[in-house]
Amino acid sequence: MSSSKGDRRKERIDRGIKVRSDSVYAISSWKEITYLIAPRLVLILGLALAPLVLSAAPYWQRVVSIICVYSLLAMGFDFLANYVGLVSLGGGFYVGIGAYAAALLNTHFGLPPMITIPMATLLGAIICTVLFLPCLPLRGVYFAIVSLMYPLIAARIVEALDIFGGTDGILGVDGFSNVWIEQYFLVLCVLVMVFALRRLVEEDIGLVFRGVKDNDQAVKASGININQYKAFGVFIASALGCLGGACLTHMYMWAGLSQFALDFSIIPIAATVVGGGGTLVGPVLGCLILVPVSELLRDFGSLRIAVYSIVLTGFIVFKSEGIMIYAARKYEQFERWVEI
Amino acid sequence: MDIIIYGIINSVSLALMAVGFTLVYGVSRLPNFAHGALYILTGYLTWILMNRVGLNYVFSAIIALGLIGLIGAAMYQLVLIRVRGMPISEIIASYAIGLAILEGLRWGGLKGGTFRLPPFVEGSVTVLGVSVDFQRIFVVILGATLMGALWLFVNNTKLGLALKGMAQDERAALTLGIDSDRMAVTATAIGSMLAGAAAIILLPLGSIAVESGYHVLIMAVAVCIVGGLGSWTGAVLAAFIIGFAQILSVVYFGAHYQAVVALLAIVITLICRPSGLFGRQKELEERV
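Note that the protein sequences, when read in sequence, are chains F and A.
Quick note: the first sequence, position 237, residue 217 per the working numbering, numbers continuous.
Quick note: the second sequence, position 17, residue 0 per the working numbering, numbers continuous.
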């Protein structure tokens, strides 16, 4: 960037290996196969080995689980914002619903975690989708505002009506049978969801989603019911959030009002912006960076959220593409200055 | 009688909270999610100036208002202007700034109860058989005055008319030589000062707490949605509807339901009349 502007510009060209490995001929040589697989393998192995490596430090091992929970949420946010066009500022709502659902299923019906988690995910997602139905025709700002109110109001209602244990929350929820199951269950969830969602958005339905985001009038004019697709988008995102919430409940053996808290709304957003929106892997990467930082700042209480917000503002203003998109560009393209 | 008097007070408070938000949105199409934070920040600044610097009440309020105007303008000029026109980024950036201010204050030791602004005049008076303290009467009088002054400002001064022009049609305003960026900065500064003014008028009724920052944001947004974003008459009318609905719900159902009323009002409005009571946007065009 130091060069004099005006007579030169930066040109970006795809690397040869990227072009060769785009099509089916990628399988013609190990080099191309490695080029394709390497980044994915780094993510898979990294997440899979993290609990093992950190088993010496139980506290940080727990952080891996928390990273996974936030990653699920952040993926949901990214999917909803960058593929369906609904900015949901109320991630805490999904977590809260999932957490309470799992806790109630566990304490009232005595179901084990491995059954309550899928049930809470499904049930929670249905509840969230139904509650969001009236707001689905909204776009942009309007949806963001209304979704911001949901977790705050839900917490108020629980507090005011004194249902589900009121301010004490629901105690005595079963934990996972051991820490390895907890960790690998979460890691597996995150990996499956990342690759499943990336596949989903490449399918036909993903095309419709993006159409809804970019120009919903055109989608409507093609005879497609956009509210139905938006509802499906919200269902997927809230299922991810509820899954995270349900796991969180069993991790802490407790469900309470703090699961509607602001942390669950802001950290996923920050992670998405930092990691790179629209990539679905970016949010996971963002969580891997931000959540440990958050743990380090735990002593400072609410300063954490302030720090996040500043990082978030900085990224959105100065580096809005995010780490993942930047890294992918470097991996796939080379740059050079050309005279004009 | 209780219901009418307290309903009016509550409605004017809501209108005060919302007027800054609706001004900024109307002029620059920017949802200022830092609105609640600016509100609390003004209260805090006033408190600091009074108790730490030792100025008197009026001076510290005026200085705090000036500062908050500058902060609002700086926020727009330095950050928000770069993301203008990208709705997702606008929302996230302004919300993040608001969060940074609020949670920073919380970390800095701002807790409910300890920080209070004194009422302008102590004591209470009986109006039509209902005992009301002076501060609440001030809320109504000052609120009405502020709205009136704002109306005169927008309709009778050159700057006000320029802002109004921007709100109606930005491109047309540009062709008439109105600098849209400068107007947007001005609007954000004025909006922040309105939030600040609301804080100075309303905060003596309670204590300065971080939670009320979120509360103010939510209420402002609720009023603006019900009234139709960017519409003044709509905002005032919606403030009265929500204000009375809240008081009624407190009287007949209990104080817990106050928060639910706002959400219900939003949901019902969105289902029945998506562009709000007085939304100027063409139905379904902008919002749905």
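Using N, Cα and C, we set each Cβ at its ideal position, and we do this for glycine too.
field: Nearest-angstrom beta carbon gap, phenylalanine 16/A and glycine 91/A [assumed within contact, 8 Å]
entry: With a Cβ gap of about 21 Å, glycine 91/A and phenylalanine 16/A do not count as contacting.
- prompt: Contact check, arginine -12/F vs phenylalanine 314/F under 8 Å by CB: the rounded distance?
  reply: Beta-carbon to beta-carbon, arginine -12/F and phenylalanine 314/F are separated by about 16 Å, too far to satisfy the 8 Å threshold.
field: Rounded C-alpha distance that separates valine 188/F from leucine 60/F
entry: About 13 Å.
- prompt: Which word fits threonine 147/F, buried or exposed, when buried means at least 16 other C-beta atoms lie within 10 angstroms of its C-beta?
  reply: Counting Cβ neighbours within 10 Å, threonine 147/F comes out exposed, since fewer than 16 surround it.
query: Using a beta-carbon distance below 8 Å, is tyrosine 197/A in contact with chain F?
result: Put simply, the CB of tyrosine 197/A is near chain F, with a gap under 8 Å to one of its CB atoms.
query: Below 8 Å between beta carbons: does that hold for phenylalanine 227/A and serine -4/A?
result: Judged by their CB atoms, phenylalanine 227/A and serine -4/A are not nearer to each other than the 8 Å cut-off.
field: chain A residues whose Cβ lies nearer than 8 Å to that of isoleucine 247/F
entry: For a Cβ distance threshold of 8 Å, nothing in chain A lies close to isoleucine 247/F: the least Cβ distance comes to about 11 Å.
query: Applying a beta-carbon distance threshold of less than 8 Å, which residues of chain A neighbour glycine 281/F?
result: Per Cβ cutoff of 8 Å: Arg89 and Trp90.
query: How big is the Cα-Cα spacing for proline 93/F and proline 38/F?
result: So the two alpha carbons sit approximately 21 Å from each other.
task: Could you tell me whether the stretch 16 to 30 of chain A touches the stretch 186 to 203 of chain A, using the rule of 3 or more Cβ pairs below 8 Å?
output: Here the stretch 16 to 30 of chain A lies against the stretch 186 to 203 of chain A, with 3 or more beta-carbon pairs under 8 Å apart.
query: Just curious, the beta strand (DSSP E) that glutamine 313/F is in, first and last residue?
result: Segment 313 to 319, the beta strand (DSSP E) holding glutamine 313/F.
- prompt: Just to confirm, are serine 1/F and leucine 16/F a CB contact at a threshold of 8 Å?
  reply: Contact check for serine 1/F against leucine 16/F passes: the beta carbons are separated by less than 8 Å.
field: serine 9/F burial status per 10 Å Cβ neighbour count (16 or more: buried)
entry: Classification for serine 9/F: exposed.
- prompt: Is the shortest distance between the beta-carbon of leucine 220/F and the beta-carbons of chain A less than 8 Å?
  reply: At a cut-off of 8 Å between beta carbons, leucine 220/F makes no contact with chain A.
message: Against chain A, with Cβ distances strictly below 8 Å, would methionine 335/F count as a contact?
response: The displayed coordinates of chain F run from -19 to 320. Any statement about residue 335/F would go beyond what the structure contains.
- prompt: Over what stretch of residues does the alpha helix (DSSP H) that includes isoleucine 17/F continue unbroken?
  reply: From DSSP, the alpha helix (DSSP H) with isoleucine 17/F extends over 10 to 33.
task: Mind checking the stretch 280 to 300 of chain F against chain A and listing, in chain order, the residues whose C-beta falls within less than 7 Å of any C-beta there?
output: Taking 7 Å as the Cβ-Cβ cut-off against chain A, the residues of the stretch 280 to 300 of chain F that qualify are Phe280, Gly281, Ser282, Leu283, Ile285, Ala286, Ser289, Ile290, Leu292, Thr293, Ile296, Val297 and Ser300.
query: Which residues does DSSP pair with isoleucine 150/F in a beta bridge?
result: DSSP lists Ala235/F as partners of isoleucine 150/F.
- prompt: In terms of residue numbering, what span does the alpha helix (DSSP H) encompassing serine 114/A cover?
  reply: DSSP places serine 114/A in no alpha helix (DSSP H) but in the uninterrupted beta strand (DSSP E) bounded by 113 to 116.
message: Short of 9 Å Cβ to Cβ, which residues in the stretch 43 to 73 of chain F face chain A?
response: Residues of the stretch 43 to 73 of chain F with a Cβ closer than 9 Å to any Cβ of chain A, in chain order: Ala61, Asn62, Gly65, Val67 and Leu69.
message: Quick check on this structure: which residue in Tyr232/F, Ala219/F, Asp196/F and Cys169/F has the alpha carbon closest to the alpha carbon of serine 157/F?
response: Closest option to serine 157/F, Cα to Cα, is Tyr232/F.
- prompt: Closest to valine 193/A by CA distance: which of Leu6/A, Ala156/A, Arg99/A and Asn138/A is it?
  reply: Check the Cα spacing between valine 193/A and each of Leu6/A, Ala156/A, Arg99/A and Asn138/A: the tightest is with Arg99/A.
field: Pairwise C-alpha distance: alanine 172/A and alanine 56/A
entry: Rounded to whole angstroms, alanine 56/A and alanine 172/A show a C-alpha spacing of 5 Å.
task: Step through the CB atoms of chain F and report whether any lies within less than 8 Å of the CB of glutamate 86/A.
output: Yes - at least one Cβ of chain F is within 8 Å of the one on glutamate 86/A.
message: At the level of alpha carbons, what is the spacing between threonine 288/A and alanine 47/A?
response: This structure does not reach residue 288/A, given that chain A is present from -16 up to 271, and the question cannot be answered.
task: Kindly indicate the opening and closing residues of the beta strand (DSSP E) around lysine -10/F.
output: Here the beta strand (DSSP E) through lysine -10/F covers -12 to -6.
- prompt: For alanine 83/A, which residues in chain F fall below 9 Å Cβ to Cβ?
  reply: For alanine 83/A, the neighbours in chain F by C-beta distance under 9 Å run, in chain order, Ile285, Ala286, Val287, Tyr288, Ser289, Ile290, Leu292 and Thr293.
field: Interface flag, alanine 124/F vs chain A, CB-CB below 8 Å
entry: True, the Cβ-Cβ gap to chain A drops below 8 Å.
- prompt: Are cysteine 227/F and leucine 166/F close, meaning C-beta to C-beta below 8 Å?
  reply: Taking 8 Å as the cut-off, the Cβ atoms of cysteine 227/F and leucine 166/F count as close.
task: Excluding the 5 residues preceding and the 5 following serine -17/F in the sequence, name in chain order all residues of the same chain whose CB lies nearer than 8 Å to its CB.
output: For serine -17/F, the predicted model reports a pLDDT of 49, less than 50, meaning its position is unreliable; a value from the coordinates is still stated below. Excluding sequence neighbours, serine -17/F sits near Trp317.
- prompt: For lysine 210/F, does the count of other Cβ atoms within 10 angstroms reach 16, so buried, or fall short, so exposed?
  reply: Per the 10 Å Cβ criterion, buried.
- prompt: Who are the Cβ neighbours of valine 244/A in its own chain at under 8 Å, not counting the five residues just before and after it?
  reply: Only Ile225, Ala228, Gln229 and Ser232 meet the Cβ criterion.
- prompt: For the beta strand (DSSP E) that valine 110/A lies in, which residues bound it at each end?
  reply: From DSSP, the beta strand (DSSP E) with valine 110/A extends over 107 to 110.
task: Measure from the C-beta of valine 214/F to each C-beta in chain A and report whether the shortest distance is under 8 Å.
output: No, valine 214/F does not count as interfacial toward chain A.
task: Decide if the stretch 258 to 269 of chain F is in contact with the stretch 172 to 181 of chain F; the criterion is three or more beta carbon pairs, one per stretch, under 8 Å apart.
output: Put simply, the stretch 258 to 269 of chain F touches the stretch 172 to 181 of chain F. At least three CB pairs are less than 8 Å apart.
- prompt: With DSSP run on the structure shown, which of helix, strand or coil describes serine 190/A?
  reply: Correct three-state label for serine 190/A: strand.
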